Structure formats: structure tokens, C-alpha cells
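J.: Take this structure first; my questions come after.
Residue numbers (my numbering), protein chains in the order written: chain A, 13 to 216; chain B, 759 to 838.
What follows is the structure, given as C-alpha cells:
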């Protein structure tokens, strides 16, 4: 093991870090920001544009510092901070989004009377990101997620992308576990619909 | 079971949360219906693409810009 990684490892005694934060220690706070700031910024950027993502990270660190007494010593600092920044990003998204929510209905599958789909699905190619390119695919998916109405976008972001549990998602959004499931299924169906033309076109 | 039923309860099926008998009806329907099979595959692919695409590349450093560090430390000192 080289010296560099030893230094990083030494900086990672979480219990010491938390103890420092509880004492209101400036150095501990700076270490917290430097150690986890990059990861938090990446999370915030998945929800928000750069300027807002930075503001969300700042808010997250300040709320974490104020809430340090409520930190469960058995949890991981990174998991705890992840929840805090997701919450800060969500609050910002809510503030910025228009009050009039678009309907999801046009993006959901429609059926004829006998229960068959009106527009049957064409098979998608395997690994479309290898056909259209990873960067291109990344931006296509990102844009599709952004087109979802906020209440659906939030659920898909929390459950599928940030991989929070159904219970955690429900808690953050004020929804029952069942409502989270219903919204997630609808959001995924709509996202599938938005991705389909791009994926089939890329494969053509 | 119709295609509509299958699509409405697809998430429960994928999560293995439906009663055994329902799971069997799903399997039977999927064995006969190409359209629902294509739908199921593209639904799973949608979830996979979301997860994969929005995760940061491991190769990219997760650094926080220095000016943001300063702004955060300053905000805390200001008692924000």
C-alpha cells in the first residue's frame, strides 16, 4: 500500500469525525466537506443544474451540521449525507417546478376493448448504449427523466436512481408505500414510452 | 389474463410479489404473447438504463471545487 492511500485511510475514521462535529470543531467540519463534498455534488447534479446543485450541497452540509446530534452512530456518514442532499435537492426542484403539472396519461400504454395493446411494442435492441454511444444514451435518458411531471420524476429518481427503499422514498415524499409503488410503475412506463422512439431509431 | 392486466401488474410480477397462482398466469401469458414479452423486456431495460446512466463514472474523480468548499465554510461561520 502506498503512502497516498494510507493518508486517505487515516482521514476516514468516521467515529472521530462525528465526535469532532459534535464538539462543533471547525476542522472536523472542513474534513466532512472535503471528504464527502464531491460525492454529494454528483448526487445533486443528477437532480439539478450546476448552480442549484451547488446550492443544494451547501444547504445539505449546513443541515447535516445542525442535525449531527440526531446522527445514528451505527449508520454510515455517507449514507446519512446522501439522504440529506437528496432531500435538499428535492426541495429545490419543488420550488423551481411550475405549479401546473403535465398529465402523464399520454405516455401510458392504451388498450383496445379486449385488453390487447393499441400499439404493440417492437423489440428493443440489447444494450442500446453500445449502439448510440454511452454519452448520447446518458443524455437521452436524462432528458426523458426531465420530461416526467415532478411527482413521477421524484419517485423514479429516488427509487431507481438513488436506490432508496420504498419506505424511505415514501417518507421523503409524504406518500404511503403503496402510493410509491403505483407512481413508480407509472413513471417507468412513461419513461419507457419516451425512450422507445430514440432507442428504436438509434438501432435502425 | 389480458395484456392490460399483465402490464398493470408488471412491477409486482418483476418484484415477485404476486401470489403463486398469479405468477403462473403471468408466465403462461408471456409464453404466448410476443407483445407483452417485448414490453416486459423494454420495461426492464428502461429501469437498467436509468440506473446505469445516472450513476457517475467510477473513473471520474468526485472532487468538490475549492470555491464551493470556501463558500460552505464561510456560510457556516456566518451562522447560516
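From the three backbone atoms N, C-alpha and C, an ideal C-beta is built for every residue, glycine too.
Please read these numbers as outputs of a predicted model, since none were measured by experiment.
Count the other C-beta atoms from every protein chain shown that fall within 10 angstroms of the C-beta of residue 134 (chain A), then say buried if there are 16 or more, exposed otherwise.
T.: Locating residue 134 (chain A) in the first chain gives position 122, counting from the first residue. That one is exposed.
J.: Would you tell me roughly how many angstroms separate the C-alpha atoms of residue 198 (chain A) and residue 164 (chain A), rounded to the nearest one?
T.: Your numbering for residue 198 (chain A) matches position 186 in the first chain. Your numbering for residue 164 (chain A) matches position 152 in the first chain. Cα to Cα, residue 198 (chain A) sits roughly 8 Å from residue 164 (chain A).
J.: Going along chain A in order, which residues have a C-beta closer than 7 Å to the C-beta of residue 821 (chain B)?
T.: Looking up residue 821 (chain B) in the second chain gives position 63. The answer, in chain order, is 50.
J.: Listing by chain order, which chain B residues have their CB less than 8 Å from the CB of residue 126 (chain A)?
T.: Residue numbering aside, residue 126 (chain A) sits at position 114 when the first chain is read from its first letter. Per Cβ cutoff of 8 Å: 760.
J.: Just the C-alpha distance for residue 180 (chain A) and residue 88 (chain A), rounded to the nearest angstrom, thanks.
T.: Here residue 180 (chain A) corresponds to residue number 168 of the first chain, with the count starting at 1. Here residue 88 (chain A) corresponds to residue number 76 of the first chain, with the count starting at 1. Approximately 16 Å between the Cα atoms of the pair.
J.: Roughly how many angstroms separate the alpha carbons of residue 37 (chain A) and residue 809 (chain B), rounded to a whole number?
T.: Locating residue 37 (chain A) in the first chain gives position 25, where the first residue counts as 1. Locating residue 809 (chain B) in the second chain gives position 51, where the first residue counts as 1. Each residue's Cα considered, the two are about 37 Å apart.
J.: Quick one: is residue 200 (chain A) buried, meaning 16 or more other Cβ sit within 10 Å of its Cβ, or exposed?
T.: Position 188 of the first chain, counted from the first residue, corresponds to residue 200 (chain A). By the 10 Å Cβ count, residue 200 (chain A) comes out buried.
J.: Hey, out of A:132, A:141, A:158, A:31, whose CA is closest to residue 797 (chain B)'s CA?
T.: Your numbering for residue 797 (chain B) matches position 39 in the second chain. Nearest C-alpha to residue 797 (chain B): A:132.
J.: Starting from residue 30 (chain A) and walking both ways along the alpha helix (DSSP H), at which residues does that stretch end?
T.: On the first chain, position 18 is the one that residue 30 (chain A) refers to. Residue 30 (chain A) -> alpha helix (DSSP H) spans 26-34.
J.: Go through its chain and collect everything with a Cβ distance to residue 129 (chain A)'s Cβ below 8 Å, but skip five positions before and after it.
T.: Translated into the one-based positions of the first chain, residue 129 (chain A) becomes position 117. So the qualifying residues of the chain are 121, 122, 123.
J.: Alpha carbon to alpha carbon, how far is residue 195 (chain A) from residue 188 (chain A)?
T.: Mapped onto the first chain, residue 195 (chain A) falls at position 183. Mapped onto the first chain, residue 188 (chain A) falls at position 176. Rounded to whole angstroms, residue 195 (chain A) to residue 188 (chain A) spans 11 Å at the Cα level.
J.: Here's the rule I'm using: 16 or more other beta-carbon atoms within 10 Å means buried, otherwise exposed. How should residue 76 (chain A) be labelled?
T.: Numbered from its first residue, the first chain carries residue 76 (chain A) at position 64. Result: buried.
J.: What residues in the region 185-208 of chain A have a beta carbon less than 8 Å from any beta carbon of chain B?
T.: 193, 196, 197, 200, 201, 203, 204, 207, 208
J.: To the nearest whole angstrom, what separates the beta carbons of residue 34 (chain A) and residue 96 (chain A), a pair I think is in contact under 8 Å?
T.: Position 22 of the first chain, counting from 1, holds the residue named residue 34 (chain A). Position 84 of the first chain, counting from 1, holds the residue named residue 96 (chain A). Actually they do not touch by this definition, with Cβ atoms about 16 Å apart.
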